[in-house]
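Protein chains: 2
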Amino acid sequence: MNILMIAIKQTHLFGTIFFLEQRNLPYFCFYTNWYIFVRGMKKSERTKQFIIAQTAAIFNKKGFAGTSMADITGATGLTKGAIYGNFANKDAVALAAFAFNYGQIRKTVHTGLQQAKNTREKLMAYVSFYKEYYPTIFEWGGCPILNAASDSDDAHPALFEKASSALESWRNNLISIIEEGLDNGQVKPDVEPEAFADVFISLVEGGILIAKTLGTEKPLLSNLEQLKTQIEQIVI
Amino acid sequence: MNILMIAIKQTHLFGTIFFLEQRNLPYFCFYTNWYIFVRGMKKSERTKQFIIAQTAAIFNKKGFAGTSMADITGATGLTKGAIYGNFANKDAVALAAFAFNYGQIRKTVHTGLQQAKNTREKLMAYVSFYKEYYPTIFEWGGCPILNAASDSDDAHPALFEKASSALESWRNNLISIIEEGLDNGQVKPDVEPEAFADVFISLVEGGILIAKTLGTEKPLLSNLEQLKTQIEQIVI
DNA sequence: TCATGAATATACCAATTGGTATAAACATAT
DNA sequence: ATATGTTTATACCAATTGGTATATTCATGA
């Protein structure tokens, strides 16, 4: 099985729930099978989620071509029959894994954004997210968007398309925040939303890349400080 | 052979020289064999260079795991016997290909740097390089450092080490330029060399990533303009 | 021109690749 | 408790993987 647990909980419904080290997802052991603890879910759907959760980091680290079906069966403890019973092919697993990786980040950022009241706080919410979660991102193999984009640009059009839309939606979100700020008078009128969004994304992605490649967190942290300064410079 | 030519030259020494479309490297056809036009080179060394030149872009685009021996023989028109006669294994070809890709960029940047007289011109030389050569870099599959780093971080330690040193040497070069400027009074005294170098690299790499992923050059060009502004802000 | 070492092609290898047909095991509603 | 559809394991497939031994071809100095 090869699963590392960090917590065990008792429930009256399903007995013991094992929390996995990675991502803190609730799994439980029922008879001899592992499930993700979501009631009302079909078994196949739970197995699907299990496969995705167990392989998401592998795809993020090794890339599509570098991840084999043997990696997938090894990480899940399932056989090829189970994998192909739930996914059409390796392609489908990879796409689902990317969606999972991206979704985890998106969800957490979104939560942080909802508490933000103005432009400054919204932009700062991103910075705070990366300040808090960069160790997890590093463990997970780096930014899924960067990885998927540079992994698939030539070889895997479907995955590249997913990565491209993910990046676009992040960029559009930043642009919207700044445009809204321009309308509300919370952002200095000479700021160009697109250019700022590109600098914003570059400082984050570049910081992750340099930090991961040189094996030190400092470049990312210093980039995030720079980003804070730049945010303060454009808001009123 | 699958080689696209853009120019043909006559020489009295070796007959016809065919300039390849990619990288403008001089190859020539002698009898039935192709060579890189470097006199005094052993045949094996020329074949080695030929293999490297023909596969460099493929490795940059497809990554190590995504590039097969069949890709290599297909791109060169040589058989596996020839490849393994000149390289120990696929690993060795990949490492040489990365060194080639990185070397091409390094060489061109270095040429631009030699004409620069002060800190501003030195930093601007980098910007000019990317402004001039970004179409070539895109055709070539993006920045080799970013590609190699994100491709090999988990799967291929030897290649990752190469990518890591390449990034480090780029970063150190930027830091040296700024430190020199601080000593000469050409840079404002409150500038932190490392932090500036990280922002510098991030704007370039991030710009390439966004541009390539979204399929438009604008983000890179706008980042380079931002970089120019930031350079002007730190020099005296 | 020819002998000799260097370079390349050919034919092969075991292992692994992604994928499938089918049989077994399973969960669950009745 | 059992019947039934769902899910998973087993056993297999052709194709491809990286790599090698050996035969052939080639380049070149004498």
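Protein chains in written order, with our numbering: chain A, 617 to 852; chain B, 617 to 852. We put the CB at the ideal spot given by N, CA and C, even for glycine.
Name, please, each residue of chain B whose Cβ falls closer than 9 Å to the Cβ of residue i.
| i | result |
| --- | --- |
| Thr-861(A) | As displayed, chain A neither begins before 617 nor continues past 852, which places residue 861(A) out of reach and without an answer. |
| Lys-677(A) | Asp-769, Asp-770, Ala-771 |
Within this structure, are the beta carbons of residue i and residue j separated by less than 8 Å?
| i | j | result |
| --- | --- | --- |
| Leu-729(B) | Ile-761(B) | no |
| Ile-794(A) | Pro-809(A) | yes |
| Ala-710(B) | Gly-679(A) | no |
| Ala-712(B) | Ile-668(B) | yes |
| Leu-819(B) | Val-803(A) | no |
| Lys-844(B) | Val-743(B) | yes |
| Val-666(B) | Thr-692(B) | A small correction: the amino acid at residue 666(B) is Phe; Val does not occupy that position in the sequence shown. Contact: yes. |
| Glu-833(A) | Tyr-750(A) | yes |
| Ile-817(A) | Arg-736(A) | no |
| Ala-811(A) | Phe-714(A) | no |
| Thr-671(A) | Asn-702(A) | no |
| Ala-673(B) | Trp-756(B) | yes |
Short of 8 Å in beta carbon distance, which residues of its chain neighbour residue i, apart from the five on each side in sequence? Order them along the chain.
| i | result |
| --- | --- |
| Tyr-647(B) | Unreliable placement is indicated for Tyr-647(B), whose pLDDT of 44 sits below 50; no coordinate value is reported for it. |
| Ser-838(B) | Gly-823 |
| Pro-805(A) | Leu-798 |
Spell out the partners DSSP gives residue i in its beta bridges.
| i | result |
| --- | --- |
| Val-803(A) | Val-851(A) |
Please work out which residues of its chain come closer than 6 Å, Cβ to Cβ, to residue i, disregarding the five sequence neighbours upstream and downstream, and give them in chain order.
| i | result |
| --- | --- |
| Leu-641(A) | Any reading at Leu-641(A) must be qualified, since the residue scores a pLDDT of 48, below 50, and its modelled position is unreliable; no value is offered. |
| Arg-639(B) | Note that Arg-639(B) has pLDDT 40, beneath the 50 cutoff, so the model's placement of it is unreliable and the number below is only indicative. None. |
| Ile-826(A) | Pro-835 |
| Leu-790(B) | Ala-813, Phe-816 |
| Val-807(A) | Ile-850 |
| Asn-717(B) | Ala-672, Asn-676, Pro-760 |
| Gly-797(A) | Thr-735, Val-803 |
| Ala-741(A) | Gly-728, Leu-729, Ala-732 |
| Phe-776(A) | Ser-768, Asp-769 |
| Asp-687(A) | Ile-674 |
| Asn-763(B) | Asn-676 |
| Thr-683(A) | Ile-674, Phe-675 |
| Ile-721(B) | none |
For residue i, which residues in chain A fall below 7 Å Cβ to Cβ?
| i | result |
| --- | --- |
| Gln-842(B) | Ala-811, Val-815 |
| Ala-765(B) | Leu-825, Thr-829 |
| Glu-784(B) | Leu-830 |
Interface residues of chain A around residue i at Cβ under 9 Å?
| i | result |
| --- | --- |
| Asn-839(B) | Ala-811, Asp-814, Val-815, Ser-818 |
| Leu-790(B) | Simply none; closest approach about 11 Å. |
| Pro-779(B) | Correcting the residue type first, residue 779(B) is Ala in the shown sequence and not Pro. Those are Thr-829, listed as they occur along chain A. |
| Gly-697(B) | Chain A residues near Gly-697(B): none, gap ~25 Å exceeds 9 Å. |
| Glu-821(B) | Ser-818, Glu-821, Gly-822, Leu-825, Ile-826 |
Could you tell me how far apart the beta carbons of residue i and residue j are, in whole angstroms, since I believe they sit closer than 8 Å?
| i | j | result |
| --- | --- | --- |
| Ser-766(B) | Ser-768(A) | Their Cβ separation, rounded to whole angstroms, is 11 Å, which puts Ser-766(B) and Ser-768(A) out of contact at 8 Å. |
| Tyr-746(A) | Leu-840(A) | 6 Å |
| Ala-732(A) | Lys-723(A) | Ala-732(A) to Lys-723(A), Cβ: 16 Å. No contact. |
| Gly-719(B) | Lys-828(B) | Not quite, the Cβ-Cβ distance comes to about 21 Å (not below 8 Å), so this is no contact. |
| Ile-753(B) | Gly-801(B) | Rounded, the Cβ-Cβ distance is 34 Å, inconsistent with contact. |
Closer than 7 Å by C-beta to residue i: which residues in its own chain qualify, once you throw out the five before and the five after it? Chain order, please.
| i | result |
| --- | --- |
| Arg-787(B) | Ala-813, Ile-817 |
| Thr-689(A) | Thr-695, Lys-696, Ile-699 |
| Lys-706(B) | Met-685 |
| Gln-842(A) | Leu-819 |
| His-772(A) | Phe-680 |
By the criterion of Cβ-Cβ separation under 7 Å, what are the contact partners of residue i in chain B?
| i | result |
| --- | --- |
| Pro-861(A) | Residue 861(A) is absent from the model: chain A starts at 617 and stops at 852. |
| Gly-757(A) | Asp-770 |
| Leu-762(A) | Ser-766, Leu-825 |
Counting only Cβ pairs nearer than 8 Å, list the residues of chain B close to residue i.
| i | result |
| --- | --- |
| Ala-681(A) | Lys-678, Gly-679, Ala-681, Gly-682 |
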